[in-house]
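Undergrad:
In the numbering used here, the protein residues as written are 1481 to 1834.
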């Protein structure tokens, strides 16, 4: 089932991350050095929490019928790989080539050899202490894709017959217990893993309890109120919210998703907004492309001396760069991401028909 409300929500989450990175860049000392610019959207990184909860909801809804049955495994693997890797690899290789030619590669890549390159290309787990302390493979936002792929792998175990799944789970448990691999262990113990589980729980709840119109509206309004309050507290650097940020916003976005799909049942016409749906469809491209675009443009502005023009000019740049990132991402989605997805879908249909 395709939920237009969630597609729109995906777009808003990507925009939050865009505004967070863009405002932080403009406020950075090395660029416009206007710290106040980074404050209003300093909560924008919580868009990541939305994506994780949404992933749990979508993956479970798409593959719930195949759990413990042992069928649909090939289709699941193909769909997950074809959704993430082709577009990511294109963006990664473009950025890597640009940094290589300009001699701007991180020192870890210069000393790490082919291993680090291939781990980054294929989103394999790597130590968080490298690449500026994030473990991100060149493309800084791709750290979330590493978690995403790990979640896909763990969910894959549920698609095998029960006893095989149980065996794999026990083997993995022993591995995690004795392993020194910081990423794998930190992934299993991370609060982010709970967000995927929250998404699964939301789908279960939606399947069992579909609230009437008035309650759907009330839950949605409550979730927006909570989002506003806790986002404000996050901007104000409230210690409690910062310490429990992942779980707090995970629960809030669970309410957002539950109420959104419930509202869509009652008011489907409300979510038929072509522009918002297009931004939502382009959200993956926007998520991958915005950070390198911001970096390149800010370096250009710095070289031109435009970073000395003050707050008003910086605000204008914020507005223009936001539109540029959105526009380029939509074009990239329509010209590259969507055709690749359509081709891979045709390939799978032909493969199944053999």
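The C-beta atom is built at its ideal place from N, Cα and C for all residues, glycine as well. Computed from a predicted model, the values in this text were never measured in an experiment.
(1) If you measure between the beta carbons of residue 1787 and residue 1512, is that distance less than 8 angstroms?
(2) Report the three-state DSSP secondary structure of residue 1482 (helix, strand or coil).
(3) Please state whether DSSP places residue 1524 in a helix, a strand or coil.
(4) Can you give the Cα-Cα distance for residue 1779 and residue 1490, rounded to whole angstroms?
(5) Do you know whose CA, among 1485, 1510 and 1487, lies nearest residue 1783's CA?
(6) Quick check: what's the CA-CA separation for residue 1690 versus residue 1585?
(7) Can residue 1747 and residue 1685 be called in contact, C-beta distance under 8 angstroms?
(8) Please confirm whether residue 1527 and residue 1504 have their CB atoms less than 8 angstroms apart.
(9) Alpha carbon to alpha carbon, how far is residue 1569 from residue 1624?
(10) Around the Cβ of residue 1796, are there at least 16 other Cβ atoms within 10 angstroms (buried) or fewer (exposed)?
(11) Between residue 1692 and residue 1745, what straight-line distance do the alpha-carbon atoms span, to the nearest angstrom?
(12) Helix, strand or coil for residue 1716, going by three-state DSSP, please let me know.
(13) My output table needs one value for residue 1721: the three-state DSSP class, helix, strand or coil.
(14) How would you label residue 1761, buried or exposed, when you count the other beta carbons within 10 angstroms and need 16 or more for buried?
TA: Reading off the structure:
(1) Going by C-beta atoms, residue 1787 is nearer than 8 angstroms to residue 1512.
(2) coil
(3) helix
(4) 29 angstroms
(5) 1510
(6) 51 angstroms
(7) no
(8) no
(9) 15 angstroms
(10) With fewer than 16 other Cβ atoms within 10 Å, it is exposed.
(11) 10 angstroms
(12) coil
(13) helix
(14) buried
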